[in-house]
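For reference, the structure is listed below as structure tokens.
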Amino acid sequence: MDASTKIVIHGRKVVGGVAEGEAMVTHETISGWGGIDANSGTIIERRHELVGQSFKDKVLVFPGAKGSSGYSHFFHLARVAGAAPKAQLFNKMTTKIALGAVVTRVPAMTDFDRDPLEVIETGDWVKVDADKGIVEVTKRAPGNS
Amino acid sequence: MKLNDAEKAMFDGEQGRAKQKAMDLLVRYGEALGAERLVDVKNVAGTWNAGSPAMKPFAEKGMDTVFSKFNLDSDEVVETPQAEVYTCQLIHGIDTQNAHVTGVAQEAVERQKQAESYFGKRGVAMFNTCTPYQVGNVPVRGEHCAWMESSAVVYCNGVLGARTNTEGRESTGAASITGKIPYWGFHIEENRLGTHLVEIEVDVDDMMEWGLLGYSVGEAVEEDIPVLQGIKRTPSMIKLKHFGAAAASSGGVEMYHIPGTTPEAPTLQAAFGSKKPRSSIKYGKAERKLAYENLNSSAKSSDVDFVMLGCPHNSIEQVWLAAKMLDGKKLSPNTQLWIFTPRALRDTAELNGYGKMIRDAGAHLMSDTCPAIGRVMPKGTTVVATDSAKQAHYLPAIMKCQTWFGSVEDCVNAALTGKWRGSIS
Chain A
1 MDASTKIVIH GRKVVGGVAE GEAMVTHETI SGWGGIDANS GTIIERRHEL VGQSFKDKVL
61 VFPGAKGSSG YSHFFHLARV AGAAPKAQLF NKMTTKIALG AVVTRVPAMT DFDRDPLEVI
121 ETGDWVKVDA DKGIVEVTKR APGNS
Chain B
1 MKLNDAEKAM FDGEQGRAKQ KAMDLLVRYG EALGAERLVD VKNVAGTWNA GSPAMKPFAE
61 KGMDTVFSKF NLDSDEVVET PQAEVYTCQL IHGIDTQNAH VTGVAQEAVE RQKQAESYFG
121 KRGVAMFNTC TPYQVGNVPV RGEHCAWMES SAVVYCNGVL GARTNTEGRE STGAASITGK
181 IPYWGFHIEE NRLGTHLVEI EVDVDDMMEW GLLGYSVGEA VEEDIPVLQG IKRTPSMIKL
241 KHFGAAAASS GGVEMYHIPG TTPEAPTLQA AFGSKKPRSS IKYGKAERKL AYENLNSSAK
301 SSDVDFVMLG CPHNSIEQVW LAAKMLDGKK LSPNTQLWIF TPRALRDTAE LNGYGKMIRD
361 AGAHLMSDTC PAIGRVMPKG TTVVATDSAK QAHYLPAIMK CQTWFGSVED CVNAALTGKW
421 RGSIS
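Quick note, the sequences are listed as chains A and B, same order.
If you're matching positions, the first sequence starts at 1 in this note's numbering and goes up one per residue.
If you're matching positions, the second sequence starts at 1 in this note's numbering and goes up one per residue.
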């Protein structure tokens with residue numbers, strides 16, 4: 001695929017704003033308390049597919065939140081520590097992820113017309129305009145990781 | 001989101017900056033959810049602690065800074081008002097009476113005591129437990145609440161039939177001083193119906209079995225609402241406490257039904273209402289074995305350094321059970337045993353002499369926290385044993401230790417012998 005090929009998907013604003021960055025995609029839900037290290041934004045859940053990787057400065061694309069109600073506090077602490085993602089795109093709305101997204105204070109969206117987990121791959125460049133409800137995905141060139 | 005006149009007035013600052021900031025958060029949060037309005041709540045359970053290392057730089061500027069930033073998500077520091085509605089403190093990081101056992105620094109203990117005193121005077125009841133329902137906070141069926149602590153939320157919804165979503169530190173902070181929370185999710189009747197039928201083919205009776213069932217079901221349904229069919233014996237509070245905590249850890253279960261037992265499901269039909277189960281899940285021998293193996297997958301060495309009981313916090317009968325098992329015996333010199341119970345029940349346990357029985361064996365009776373929340377374990381611990389699926393789920397990640405999961409008997413035996421010998425047939 002041509003590296004300049006862009007895919008546009010539409011969704012609903014959860015937290016407003018515009019941001020862009022490299023995508024970090026997981027098909028597994030994320031736990032805040034007990035699931036991330038807030039200082040580095042690293043996934044620490046032992047059986048998680050992204051264990052050991054950090055979402056700091058990435059556009060985090062994931063199904064949603066799970067686990068403890070400490071979720072929002074840990075994403076809040078990640079923001080305070082400068083380890084927040086650039087933006088968050090998720091599918092399943094829950095109170096945990098809504099509050100977590102609000103206190104992370106980075107652009108966040110949900111309710112997409114195409115499943116971002118199918119469209120976006122780790123390494124793609126993703127521009128999120130939550131105010132307009134638009135996500136622009138530039139596919140990573142093959143062989144370029 | 002639509003606000004009524006009283007809410008608008010608060011939003012516009014007519015009741016002071018703190019409530020204005022609280023309404024600002026609730027509106028941001030409600031709009032993120034897609035909620036249409038707020039609902040009145042008169043029962044809030046959250047956290048106003050300041051003992052954790054992350055809170056230190058903020059607590060040094062005063063408790064209003066902690067409150068503003070972490071209980072309201074407000075950059076502006078506002079004065080903490082009194083709680084507007086019944087509010088209690090859940091479990092937090094420090095057992096202020098046992099710092100000599102946990103090794104928590106005195107300055108952190110003092111910080112936590114300051115927070116307890118500061119927020120206590122403003123109407124936050126310092127229950128200091130993940131199980132407020134064990135010490136008098138028992139909302140009635142249909143009551144709208146704003147609770148955090150996943151094991152308490154699932155108990156509140158499933159067992160009590162009161163209505164709460166899984167709230168967080170910021171939303172409970174705002175709810176406490178406004179008496180408001182977004183009307184969304186489990187506040188709405190139709191969202192409380194079952195989604196998945198769990199057909200249970202094995203006998204689920206003792207504590208460990210309820211933990212395994214919860215761990216398996218949580219992983220299978222994630223955030224959905226399981227309906228348990230095939231429970232032959234009416235479970236007690238402590239078993240449902242265990243089940244919910246496990247299901248909320250492996251998945252995100254916040255509501256469930258046991259037809260004939262839990263209040264919103266007099267029958268199987270009532271559990272699903274007009275909806276059909278989205279899927280049917282089997283819980284048989286294979287699923288039970290897999291849950292046990294998953295819970296024990298981090299453990300390799302049978303030399304146990306540390307045993308913890310009391311996640312969620314033990315009831316007084318669980319403390320009594322452990323005390324009896326320890327009475328007249330001594331722990332292995334290589335192993336420590338900590339037993340956690342709510343602060344108020346710890347007083348009862350002392351009154352009853354259980355505390356002394358536990359200490360005479362070389363173990364400790366503790367409160368206010370747990371190893372996972374407080375990030376505390378005996379120095380040098382590499383191998384843990386616990387009867388809690390929740391703790392076994394989180395400790396390997398949080399404390400980087402091997403963790404065995406088993407029955408209370410397996411755990412107490414490990415504490416007495418220093419060896420893990422647990423297994424299931």
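The beta-carbon is built from N, C-alpha and C at its ideal position, and this holds for glycine as well.
Here the structure is a predicted model, which is why all the values come from computation and not from measurement.
Asked                                                                                                                                                : Found
Apart from the five residues just before and just after B:Arg37, which ones in its own chain have a Cβ nearer than 7 Å to its Cβ?                    : Met1, Lys2 and Tyr183
Would you give the residue range spanned by the alpha helix (DSSP H) that B:Ser280 belongs to?                                                       : Unbroken run through B:Ser280 is the beta strand (DSSP E), Ser279 to Tyr283; no alpha helix (DSSP H).
Can you pull out the residues from the segment 45-64 of chain A whose beta carbon lies closer than 7 Å to at least one beta carbon of chain B?       : Glu45 and Arg46
Indicate the three-state DSSP secondary structure (helix, strand or coil) for A:Glu136 in the structure shown.                                       : strand
Between the alpha carbons of B:Lys42 and B:Lys19, how many angstroms are there, rounded?                                                             : 16 Å
Could you list the residues in the segment 164-180 of chain B with a C-beta less than 7 Å from some C-beta on chain A, going in chain order?         : Asn165, Thr166, Glu167, Gly168, Arg169, Glu170 and Ser171
Tell me the rounded alpha-carbon separation between B:Thr129 and B:Glu293.                                                                           : 29 Å
May I ask which residues mark the beginning and end of the beta strand (DSSP E) holding B:Phe340?                                                    : Gln336 to Phe340
What do you reckon, are the CB atoms on B:Ala146 and B:Thr172 nearer than 8 Å?                                                                       : yes
Residues in its own chain within less than 7 Å of B:Arg233 by CB, not counting five upstream and five downstream?                                    : Asp205
If you measure from the beta carbon of A:Ala130 to each beta carbon in chain B, is any gap under 8 Å?                                                : no
Give the single residue among B:Asp75, B:Ser367 and B:Arg192 whose Cα lies nearest to the Cα of B:Thr348.                                            : B:Ser367
I'd like the list of long-range same chain contacts for A:Leu50, defined as Cβ closer than 6 Å, with 5 residues on each side in sequence excluded.   : Thr26 and Ile43
Along the alpha helix (DSSP H) that carries B:Lys356, what are the first and last residues, could you check?                                         : Tyr354 to Asp360
Would you say A:Arg114 faces chain B, with C-beta separation under 8 Å as the test?                                                                  : no
Does the CB of A:Val137 have a neighbour CB from chain B at under 8 Å?                                                                               : no
Closest Cβ-Cβ distance between B:Gly422 and chain A: below 8 Å?                                                                                      : no
Which residues in the same chain have their Cβ closer than 6 Å to the Cβ of A:Ser145, if we skip the five residues on either side of it in sequence? : Its pLDDT being 48, under 50, A:Ser145 is placed unreliably by the model, and the measurement read from it follows with that caveat. Hits under 6 Å: Gly123.
Let me check understanding here. Comparing Cα to Cα, which of B:Tyr394, B:Gly362, B:Ser280 and B:Met399 lies closest to B:Lys379?                    : B:Met399
With 8 Å as the C-beta to C-beta threshold (strictly closer), list the residues of the segment 343-361 of chain B near chain A in chain order.       : none
Check the DSSP bridge columns for B:Ala247 and list the partner residues they point to.                                                              : Paired residues: none, contrary to the question.
Could you list which residues in chain A have their beta carbon closer than 7 Å to that of B:Tyr394, in chain order?                                 : Gly34
Between which two residues does the beta strand (DSSP E) holding A:His10 run?                                                                        : Lys6 to His10
In its own chain, which residues sit with a C-beta less than 7 Å from the C-beta of B:Gly16, not counting the 5 before and 5 after it?               : Pro81
For B:Ile373, tell me which candidate among A:Asp57, A:Ile9 and A:Ser68 has the shortest Cα-Cα distance.                                             : A:Ser68
So that I know if they touch, is there some Cβ in chain B lying closer than 8 Å to that of A:Val103?                                                 : yes
Taking the beta strand (DSSP E) that B:Met126 belongs to, which residues open and close that run?                                                    : No beta strand (DSSP E) contains B:Met126, which DSSP labels as neither H nor E.
Is any beta-carbon of chain B found at less than 8 Å from that of A:Ser40?                                                                           : no
Under a CB-based cut-off of 8 Å, is B:Glu7 close to chain A?                                                                                         : no
Which complete beta strand (DSSP E) runs does the segment 5-41 of chain B hold, if anything under 3 residues is left out?                            : 38-40
For the segment 77-107 of chain A, which residues have a beta carbon sitting closer than 9 Å to at least one beta carbon of chain B?                 : Leu77, Val80, Ala81, Lys92, Met93, Thr94, Thr95, Lys96, Ile97, Ala98, Leu99, Gly100, Ala101, Val102, Val103 and Arg105
Which residues, in chain order, does the segment 5-36 of chain B contribute to contact with chain A at a C-beta distance below 8 Å?                  : Leu25, Arg28, Tyr29, Ala32, Leu33 and Gly34
Could you list which residues in chain A have their beta carbon closer than 7 Å to that of B:Met148, in chain order?                                 : Ser69
Between the Cα of B:Thr166 and the Cα atoms of B:Ala22, B:Val66, B:Met148 and B:Tyr155, which residue gives the shortest distance?                   : B:Met148
Is there a Cβ from chain A that is less than 8 Å from the Cβ of B:Val109?                                                                            : no
Output the distance between the C-alpha atoms of B:Gly284 and B:Trp210, rounded to the nearest integer angstrom.                                     : 13 Å
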